[in-house]
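J.: In terms of my numbering, the sequence shown opens at residue 7 and continues consecutively.
Take this structure first; my questions come after.
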Amino acid sequence: MPNSLLFFIALATTCAAIWTMVVRTSAAAPAVAMSVVMLIASLGGPVWEWAKYVGGAGLPADIDAAPFADSLAVKAFLWACIGSGISAFLVPRMPDALRELKEDANPSERITVATLVAVVVSFVLFVIGSGPSFFNRQYYLESDGNLFLLRAAFPVGLVLGLVALGQSTMEHRRRWRIAIYVMSAVWFIGLAGVGSRTALAFPLLAAVLLINRCFKERRLRPVALTIAGGLIALAIFTFGVVLKARYVPHGLVNLPSVAAAFVQDAVASTDSLLVPMKQLLASIFTSYPLAEHSVIYDVGLPVLIGNANILPGTGLPMELERYWPYDWVPLSFAGSWFGATGALGQMALFMLFGWVCCYCSYNLQRSRFQSVVFVPLVLSLLISVLSMEYSSRMVWRVFSVALFVLFASFLLRNRVKSSLPDASNLSGHAGADVMAGLR
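Put into structure tokens, the structure is as follows:
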């Protein structure tokens, strides 16, 4: 099938999934997010060619993007887009008896406090696990602390911080909102200090939440949109700082000097302020040539299945999913699985990813814990972004978290015993009854 025709099919599927999310059920949002990410990835060739010369990507600039019409990466991304888009239609509608309860649900103060405590504890463990090098490190990934605590706190602490930030949109108590914003800023600065690109997640999520609020209220808020634009600019600037930190002494105390050095380099460059934007885009859309070579590389299905083991020790060494001779660059999950399973296998795989996240969202919408309904959306975004330019091991580990949340959501959701919407006619599973004490 020509790539142009496949693109229009994927575009139509994505539009239909968006219609389903808006008209039928908002639980389809994870599938829509995954489908949109893959659709954008399929158009990344020209962006890579424009941005590849400023660095920011693992691949050197002499690697070209294949033309859209002939690209195997386009096929890999578009079939993933179609599969995840179709999964939006596999989510049932919210039972009418639960709609009024959902609208009246308010976040529990105890849940907010518990989340904040977990965020604080995870950050403390992250600092202890990193050791003194958290404040001053001479090279990237230096660690002289407790490695067990570091792995226990990250990326769990990052996810908890993002969950808390999303929870702030439903939190009506000002003191807890301020506490959430403070801890989000602490995690953001801490991650930027150690040179982690995951720091970008905090300003980007905050910008999305502000824009989403304008859509929900159907009102144009100039101040909110201006702040959202500033947060996006902060994320782009932070990426440049983080990239600079990987080549010079960094850490928390060195963060201001690293930022100043990056600004000086950007001003001296012919691209000036476009440097951080180009570096960020190169880092994202390196997935286009990477997926292309991943399809051609043909790792083989046995290797992919061996590395699909979600446990810390996998069936095969991760080096088998490396892009030689650039052995520091992992192969693309989307590209390698498309090369091994073909169009139908790719579509079915991403349909599974989308369905798990969507059904988890559906269950959480039926639960008493409305403040965490966006967690499946975050997981779907992680799966889709990681699958663009990371190998099987990373993607399957995130998917294992999504499966765990799905199983937990079945315990938390409410069942309908009657068509009446009052709470006396709603009974939860045993897990929900136990967790009700948090409210």
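Every residue gets a Cβ at the ideal spot worked out from N, C-alpha and C, and that includes glycine.
Small disclaimer: the values here were computed from a predicted structure and weren't measured.
Measure the C-alpha to C-alpha separation of ARG203 and GLY306 and round it to an integer number of angstroms.
T.: Approximately 30 Å, taken between the alpha carbons.
J.: So the alpha helix (DSSP H) ASN4 belongs to, where does it begin and stop?
T.: The first residue shown for the chain is 7 and the last is 445, placing residue 4 beyond what the model contains.
J.: With distance defined between alpha-carbon atoms, name the residue in VAL391, ILE186 and LEU337 nearest to LEU296.
T.: Answer by Cα proximity: LEU337.
J.: Under the assumption that ALA314 contacts TRP402 (Cβ atoms under 8 Å), give the Cβ distance between them as a whole number of angstroms.
T.: Yes, they are in contact, since the Cβ atoms of ALA314 and TRP402 sit about 5 Å apart, within 8 Å.
J.: Determine the direct distance from the alpha carbon of VAL119 to that of ASN369, and round the result to whole angstroms.
T.: So the two alpha carbons sit approximately 23 Å from each other.
J.: For LEU249, does the count of other Cβ atoms within 10 angstroms reach 16, so buried, or fall short, so exposed?
T.: It is buried - the Cβ of LEU249 has at least 16 other Cβ atoms within 10 Å.
J.: Using 8 Å as the Cβ pair cut-off and three pairs as the minimum, do the segment 228-236 and the segment 166-179 touch?
T.: Cβ pair count under 8 Å is below three, so no.
J.: Taking the beta carbon of ALA354 as the centre, do at least 16 other beta carbons fall within 10 Å, making it buried, or is it exposed?
T.: Per the 10 Å Cβ criterion, exposed.
J.: For GLY235, count the other beta carbons within 10 Å of its own beta carbon; 16 or more makes it buried, fewer makes it exposed. Which is it?
T.: GLY235 comes out exposed.
J.: Taking the alpha-carbon positions, what's the TYR294 to GLY345 distance?
T.: When rounded, the distance between both Cα atoms is 14 Å.
J.: Check this for me: beta carbons of LEU84 and MET44, under 9 Å apart or not?
T.: Closer than 9 Å, so yes.
J.: Identify every residue that forms a DSSP beta bridge with ARG419.
T.: BP columns for ARG419 point to SER373.
J.: With a threshold of 7 Å on Cβ separation, who are the neighbours of LYS58 within its own chain once the five nearest residues in sequence on each side are excluded?
T.: ALA67 and ALA288, listed in sequence order.
J.: Please classify VAL273: is it buried, with 16 or more other beta-carbons within 10 angstroms of its beta-carbon, or exposed?
T.: Burial call: exposed.
J.: Quick one: using the 10 Å Cβ neighbour count with 16 as the cut-off for buried, is HIS178 buried or exposed?
T.: Looking at its Cβ environment, which holds fewer than 16 other Cβ atoms inside 10 Å, HIS178 is exposed.
J.: Assuming LEU385 contacts ALA414 (C-beta within less than 8 Å), just tell me the rounded distance between them.
T.: With 8 Å as the limit, LEU385 and ALA414 do not qualify as a contact, their Cβ atoms being about 12 Å apart.
J.: What is the rounded straight-line gap between the Cα of LEU211 and the Cα of LEU156?
T.: Using only the alpha carbons, I get a separation of about 24 Å.
J.: Considering only residues of the same chain and omitting the five flanking positions on each side of ASP271, which have a CB-CB separation below 8 Å?
T.: Excluding sequence neighbours, ASP271 sits near LYS250 and VAL281.
J.: Could you tell me if ILE302 is buried or exposed, where buried requires 16 or more neighbouring beta carbons within 10 angstroms of its beta carbon?
T.: Exposed is the call here.
J.: In three-state terms, what does DSSP make of ALA63?
T.: In this structure, ALA63 counts as coil in the three-state DSSP scheme.
J.: Closer than 7 Å by C-beta to ASN9: which residues in its own chain qualify, once you throw out the five before and the five after it? Chain order, please.
T.: Result list for ASN9: PHE74, ALA75, SER77, VAL80 and LYS81, in chain order.
J.: What are the boundary residues of the alpha helix (DSSP H) that HIS299 is part of?
T.: 293-303 is the span of the alpha helix (DSSP H), which, as asked, contains HIS299.
J.: Going straight from the alpha carbon of LEU253 to that of ILE24, what length do you get?
T.: A small correction: the amino acid at residue 253 is Tyr; Leu does not occupy that position in the sequence shown. Answer to the nearest angstrom: the Cα atoms are 42 Å apart.
J.: Assign VAL200 to one of three DSSP states: helix, strand, or coil.
T.: Coil at VAL200, not helix or strand.
J.: Can you grab the Cα-Cα spacing for the pair ARG227 / LEU216, in whole Å?
T.: Going by the C-alpha atoms only, they are around 9 Å apart.
J.: Going by Cα to Cα distance, which pick from ILE311, VAL264 and VAL411 is closest to THR347?
T.: Comparing Cα-Cα distances from THR347 to each of ILE311, VAL264 and VAL411, the minimum goes to ILE311.
J.: Given a cut-off of 9 Å on the beta-carbon distance, is the pair ASN152 and PRO255 in contact?
T.: Not a contact, by the Cβ cut-off of 9 Å.
J.: Determine the direct distance from the alpha carbon of VAL247 to that of ALA265, and round the result to whole angstroms.
T.: One C-alpha to the other measures close to 5 Å.
J.: Please list the terminal residues of the continuous alpha helix (DSSP H) segment that includes ARG157.
T.: ARG157 -> alpha helix (DSSP H) spans 153-159.
J.: Does VAL259 come out as helix, strand or coil in the three-state DSSP assignment?
T.: The answer is coil: DSSP assigns VAL259 none of H, G, I, E or B.
J.: Can you tell me where the alpha helix (DSSP H) with LEU383 in it begins and where it stops?
T.: Looking at the DSSP string, the run of the alpha helix (DSSP H) that includes LEU383 is 381-395.
J.: What number of angstroms, rounded off, separates the C-alpha of GLU109 from the C-alpha of PHE405?
T.: Since pLDDT at GLU109 reaches only 46, below the 50 mark, its modelled position is unreliable, and the value read off the structure follows with that caveat. Going by the C-alpha atoms only, they are around 30 Å apart.
J.: If we call anything under 9 Å between Cβ atoms a contact, is PHE129 one with GLY163?
T.: Yes, they are a contact pair.
J.: Any heavy atom of the ligand FAD within a distance shorter than 8 Å of the CB on PHE413?
T.: This structure simply doesn't include the ligand FAD, nor any ligand for that matter.
J.: Quick one: Cα of GLY146 to Cα of GLY201, how far?
T.: With the sequence shown as reference, residue 146 is identified as Tyr, and Gly is not the correct amino acid for it. Using only the alpha carbons, I get a separation of about 7 Å.
J.: Are LEU418 and SER373 close, meaning C-beta to C-beta below 9 Å?
T.: Contact flag set, yes.
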